[in-house]
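Undergrad: Those letters in the sequence shown? Residues -20 to -1, 1 to 163, per mature numbering (1 follows the signal peptide of the UniProt record, and there is no 0), in order.
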Amino acid sequence: MKTILMIATLMIGLSGLLTAQAKTYKTPSWGHWDSRTITYSYEGHSKCCRASWKTAIKRWNKTKIVHLKLAKAGHKADIALDSAPSLNVSGGKLFTGYTHYSFYHHDTSLSEIVTAESTLNRELLTAYNYTKTQRANVATHEIGHALGLSHSKDKKSVMYAKNRYKSIDHQDKLALAKAYVNQ
Ligand SMILES: [Zn+2]
């Protein structure tokens, strides 16, 4: 079986003005870590973002599907949680958060994630008046990527590409369970 180490980035943009969809979409999952216990570390020093990451971690742990825990001092974490101090412009679009990762691509099963780094854009979250809850929603979305979830077309999903207002939805839990439990 062919296994290739790949590197990718997913980003979250500002909330758009798309009309609501009545249809129910499933949150897609593309990968997973080899263990349900996954470590994280804080890379930035910003208080704003640390609180948002903490809320996001609590939310994912509450699903009881994965267990995110702080990496011990001197150990490299699986997921690095960071913040960027200034505006990020990629192809003319503004991103409030983004996640980079490397993973092994398998032809016949979900990819295996080996490193992830999620970043919140402090300046943009401030410039667009994101509340504490909305910042936590963006952080939850980015950790969702770091756990192996892709974008959902459902505006109720935390994995909606332009999510600002929603936390983890039923479909998001199902996608996580599919990636870690019911493979
Ligand atoms: Zn995203």
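Don't be surprised by glycine CBs; every beta carbon is placed ideally from N, CA and C.
Remember, predicted model here, so these are calculated numbers, not experimental data.
Relative to the C-alpha of I59, which candidate in A96, S15, E92 has its C-alpha closest?
TA: A96
Undergrad: So what does DSSP say about Q1, is it helix, strand or coil?
TA: In this prediction, Q1 scores a pLDDT of 45, lower than 50, which makes its location untrustworthy; the coordinate-derived value is nonetheless stated afterwards. Q1 falls in the coil class under three-state DSSP.
Undergrad: Sort K34, T106, L48 by Cα distance to S15 and report the nearest one.
TA: Nearest option by C-alpha distance: L48.
Undergrad: Where does Y108 fall in DSSP's three states?
TA: Coil.
Undergrad: How far does the alpha helix (DSSP H) with D134 in it extend, from its first residue to its last?
TA: Segment: none, D134 is in no alpha helix (DSSP H) and carries neither H nor E.
Undergrad: Is it true that the stretch 128 to 137 meets the stretch 101 to 118, where meeting means three or more beta-carbon pairs spaced less than 8 Å apart?
TA: no
Undergrad: Taking 6 Å as the limit between beta carbons, can you name the residues of its chain near Q1, skipping five residues before and five after?
TA: Note that Q1 scores 45 on pLDDT, short of 50, meaning its location in the model is unreliable; the coordinates nonetheless yield the value given after this. Result list for Q1: empty, nothing under 6 Å.
Undergrad: Three-state secondary structure (DSSP) at E122?
TA: Three-state result, E122: helix.
Undergrad: When you compare each of T111, L74, A64 to L100 by their alpha carbons, which one comes out closest?
TA: A64
Undergrad: Are the CB atoms of A126 and T7 within a distance shorter than 7 Å?
TA: no
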